[in-house]
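Protein chains in written order, with the working numbering: chain A, 697 to 1117; chain B, 61 to 551.
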Amino acid sequence: MPHCPTFRELRVETESPRGRLHLMRALGEGRVETTERFVRHMTLCLDCRACEAACPSGVQFGKLMAATRAEIQARRAVSPSERLLRWLVFDQLFPHPGRLALLGWVLRIYQRSGLQRLARAVGSWHPVGARSPRPHREGAETAPLRRLIEAERLLPRISSRFFAPKGVVRPRAPVRRRVAFFAGCIMRIAFGETNRATVRVLARNGCAVALPERQVCCGALHVHAGEREGAKRLARRNIAAFEASGAEAVVVNAAGCGAVLKEYGELLARDRLWAERARAFSARVRDLSELLAELPLDPPRVRMSARATYQDACHLVHAQRIRQQPRTVLGAIPGLELVEMADADRCCGSAGTYNLTEPELAARFGAQKADDIVATDAEIVVSANPGCLIQLAAHLRQRGAPTRAVHLADLLDAAYRAERS
Amino acid sequence: MPKPLSPGLVRELWAIVGRDAVLDQPEDLLVYEYDAYLDRAVPDVVVQPVNAEQIVRVVRLAASEGLAVTPRGGATGLSGGVVPIFGGIMVDFARMHHILEVDVANRAALVEPGLFNLDLSTAVAPLGLYYAPDPSSQKASTIGGNIAENAGGPHCLASGMTTNHIRGVELVTRDGELVQLGGRAADAPGYDLVGLVVGSEGTFGIVTKAWVRLLPIPLRTVTFLALFQTVDAAGAAVSSIIGQGIVPSALELIDGPSAAALERAFKVGYPPEIGAVLLIDVAGLAEAVAEEAALVGKLCEAAPGALGLRYAATAAEREGLWKARKGALAALALIAPNYYLCDGVVPRSKLAQVLRRVAAIGAEWEVLVTCVAHVGDGNLHPLIAFDVNEPGILPRVEGAHDEIIRACVDAGGTITGEHGVGIEKRKYMPWIFAPADLDRMARVRAAFDPSGRFNPGKVLPTEAEAGTTDPSESVPLRVGVSAGLDPERWV
């Protein structure tokens, strides 16, 4: 219970892991239906899995929650407009890197042409209403316009150059490991530079990095939204793409993607043709920090005098149980002073698309996180997940804090680049 | 039978605690039907007050409507103490979880009942202080719940149970008065009513604030494991330690099956196929600790069947050993999906004898019995591990439980050490108390609550259970489904 961010904030049993598990079981026993209130209790869960990591009984909360969300989708009467939207997003957009790139291109024009400034000026006049102290009590979901404004506010700066995986990048030094890099979908258009940095960091550490061209989105958003079939289709395409690369390890730089890639084995467990291949694929997946700590890291030869703090991404620390490795890697950077913030492993409120679906509660978690970061006096906050970085940056900006939110790969890459100057 | 809620009641509750703090929808009420015991019952309405004044008004309203009132802390209890078997209003303390004052000079704190036990120790640690009672549920159980149950814990061996650490309480009585019992200072004059309230399981009144005693963190703590071939050997070592007049700050026994489960869940380094482990804490001043630890170690090694000692070298190792011990109940889910924990206590001189008897009872009823015991206190905690889906298992579990408790009572022990009577052990009360004893208890309760509507159906046996009337005439209780004990709900 004390590990659950939503219980700590809302103080009701329905918003705690024990309460949610009880409701899930009650659904199975037919004691409750998927009523609006029931669904509300399930969607308010961040799916951060802090409870799972803390549970000595080994209850696999993440899996139970994914199954419950799929059950909700199956039982729900979906309106035609929602069905259309889901079809567009989950079937027509995310599985297609080309279309995502097109969207990225449009957004880039929006951001660079001055349209964004205009829209924000207009948006700031719109009365979005006071934030409710207890959002779970609201019957209605957040108004669509409010959501759009919130989404726009969180829109990351689209990369000047998208990342298009292709070919193999070889290290200058002898090859220590043959790996393949998973480029993600949002990562390619919003964090193109971080992806390039990741590849450079890997190469600098003696990895030959394959960039399979046919890889697609990992399917994490599909799983969390209860679209399991869509997720399976993506999983099969990725497994095939990476098998062809022949790499020993599949390296990921986004915690949310990594967690799902590691679960492909379970996702496809009942698929006779794919189960074994999926298990083998999942066993090869490594987070960037995990791989670097394993190598181990070849430390940068320059000093980087800065005070940094590290934010645990939920899908790294809880879902993948990777707590020490990123800290080990950061500790190996000469001159970098690593200070722990309070509750570093508490969710920042980004939680996939939570900050779009539950903006009010997400904003409270984000603000709290910004306070904890500022209290450390750190100049840099490091994390290893795009969603977290967007959320952290937005809330630090809002608070007027000078702290920069940086991906581990970008920080390392900057240090290695400084070597050459 | 429970009275249906009057239609205006929810509105009146809104007026008292605010609309946000009243839960009356079925999906919300469902999760207030449990603790860690078998029986379930859904309250009619849950309120989440933020101060004593609101509770006073809720209690007055409940009195005028003739409704039951059940206070709720962390709902981690093992005896059904918080299960509202007569429905009514549940007063949930989740929003009253603050430390109101820390009095460092007098080593005391004024706290709200909804505060998690461990949060108190964590908060005062920078001041060099801690709150001693440490039930294994301490991450998720509350000070208010601990007061209701007079909770214990591994370190209560040396420092005493909850009752030794509560100096005063503010209590809402059935007629809606706010009374102050005891206070900040150690020895309040007059009758020790605080002592009566602690362990009254919410049947005397509702505690709205408590003055708790804090202790200085020991300067030095030595934690070590003593390993044994058999439970008998460990029992003999405990007898010789206690026999020498030594009271370590904690003395816990973990038998073979439990050790294996803990090793799987926590990887603490228990050797495989070990018969029994003693987990021992010796704490105090640096020199005295070294001397006492050495002596305890020597006594353990001298026991026949001893397999040596293992010291925790660092604070992290010590925390690891204790984390595993406190996570024991949950980790036992790895043995079997359900468990039934017996809270039987025996005189320490009878430890080895009763432990043998417990093993025999397990064999007789063909159930797996394993122990994670506060052995220094004689609190055995035999645990029956089972799978509720196995046909015909429940009567065997209950049969074994009855016999284990009977064995404890026969050995001069008692039916519960620290988990409370609740619903679960009402039927055992006549085993250790004569009708006159029980009658006296009932009269004390009536002095606090003549209506008997504070947490009704707990502690005192029903007439049928007490055997004073025809057993077929049982009290109509509103008990929900029994879906088995769920270690996973014990988060």
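Cβ atoms here follow ideal geometry from the backbone N, Cα and C, with glycine treated the same way.
Query: Minimum C-alpha distance to leucine 285 of chain B - residue among B:Arg244, B:Phe153, B:Gly242, B:Glu377; Result: B:Glu377
Query: Cβ-based burial, asparagine 111 of chain B [other Cβ within 10 Å; buried from 16]; Result: exposed
Query: Closer than 9 angstroms to chain B by CB, arginine 733 of chain A; Result: yes
Query: DSSP state of alanine 763 of chain A mapped onto helix, strand, coil; Result: helix
Query: Exposure of alanine 193 of chain B, with buried meaning 16 or more beta-carbon neighbours within 10 Å; Result: Reading off the sequence, residue 193 of chain B comes out as proline, not alanine. It is buried - the Cβ of proline 193 of chain B has at least 16 other Cβ atoms within 10 Å.
Query: Start-end ranges of the alpha helix (DSSP H) lying completely within the region 260–330 of chain B, minimum 4 residues; Result: 291–303, 316–326
Query: Nearest-angstrom Cα separation, counted from aspartate 1039 of chain A out to proline 698 of chain A; Result: 12 angstroms
Query: Chain A contact residues for glutamine 108 of chain B, given Cβ-Cβ distances below 9 angstroms; Result: Arg707, Val708
Query: Pair within 9 angstroms by beta-carbon distance, glycine 922 of chain A and histidine 1011 of chain A; Result: no
Query: Of the listed residues B:Pro214, B:Glu125, B:Gln114, nearest to glutamate 478 of chain B (C-alpha basis); Result: B:Pro214
Query: Contact belief for valine 342 of chain B with valine 328 of chain B at Cβ below 8 angstroms, rounded distance in angstroms; Result: 19 angstroms between Cβ atoms; not a contact.
Query: Alanine 1004 of chain A versus A:Leu717, A:Ile1076, A:Glu711, residue with shortest Cα-Cα distance; Result: A:Ile1076
Query: Where the alpha helix (DSSP H) through cysteine 1084 of chain A begins and ends; Result: 1082–1094
Query: Neighbour list for alanine 722 of chain A in chain B, Cβ cutoff strictly below 8 angstroms; Result: Leu90
Query: Local conformation of serine 828 of chain A per DSSP, three classes; Result: Note that serine 828 of chain A scores 44 on pLDDT, short of 50, meaning its location in the model is unreliable; the coordinates nonetheless yield the value given after this. The answer is coil: DSSP assigns serine 828 of chain A none of H, G, I, E or B.
Query: Beta strand (DSSP E) segment containing aspartate 341 of chain B, residue limits; Result: 336–344
Query: Sequence-distant residues of the same chain with beta carbon closer than 6 angstroms to leucine 127 of chain B, five excluded per side; Result: Gly148, Ile149
Query: Residues, ordered as in the chain, of the region 132–145 of chain B that lie near chain A by beta-carbon distance below 8 angstroms; Result: Gly134, Ala135
Query: Beta-bridge pairing of methionine 150 of chain B - partner residues as DSSP gives them; Result: B:Val106, B:Thr130
Query: Contact set between alanine 200 of chain B and chain A, taken where Cβ atoms lie within less than 7 angstroms; Result: Met697, Pro698
Query: CB contact check: glycine 387 of chain B to chain C, cutoff 9 angstroms; Result: Note that chain C does not occur in the displayed structure, where the protein chains are A and B.
Query: The region 499–515 of chain B touching the region 433–448 of chain B, judged by at least three CB pairs closer than 8 angstroms; Result: no
Query: Contact list for the region 793–824 of chain A against chain B, Cβ threshold 8 angstroms; Result: none
Query: Own chain, CB closer than 8 angstroms to proline 407 of chain B, minus 5 neighbours either side, in chain order; Result: Gly438, Ala471, Gly472, Gly473
Query: Check whether valine 25 of chain B and isoleucine 453 of chain B have beta carbons under 9 angstroms apart; Result: Any answer about residue 25 of chain B is impossible in this case: the structure gives chain B only from 61 up to 551.
Query: Candidates A:Arg1113, A:Leu898, A:Glu1056, of which the one nearest valine 875 of chain A by Cα; Result: A:Leu898
Query: Sufficient close CB pairs (3 or more, under 8 angstroms) joining the region 428–437 of chain B to the region 311–318 of chain B; Result: yes
Query: Touch test, the region 877–897 of chain A against the region 762–778 of chain A, Cβ-Cβ under 8 angstroms, three pairs minimum; Result: no
Query: Element boundaries [alpha helix (DSSP H), containing arginine 704 of chain A]; Result: 701–706
Query: Own chain, CB closer than 7 angstroms to leucine 411 of chain B, minus 5 neighbours either side, in chain order; Result: Gly295, Val298, Ser299, Val435, Gly438
Query: Rounded straight-line distance, which links the Cα of tryptophan 74 of chain B to that of alanine 526 of chain B; Result: 40 angstroms
Query: Extent of the continuous alpha helix (DSSP H) to which glutamine 652 of chain A belongs; Result: Coverage of chain A is limited to positions 697 through 1117, which leaves residue 652 of chain A absent and any answer about it impossible.
Query: Straight-line Cα distance separating tryptophan 783 of chain A from leucine 964 of chain A; Result: 22 angstroms
Query: Any 3 or more C-beta pairs closer than 8 angstroms across the region 1015–1034 of chain A and the region 972–985 of chain A; Result: yes
Query: Simplified DSSP assignment, three categories, for proline 1055 of chain A; Result: helix
Query: Tyrosine 94 of chain B at chain A interface by Cβ criterion, 9 angstroms; Result: yes
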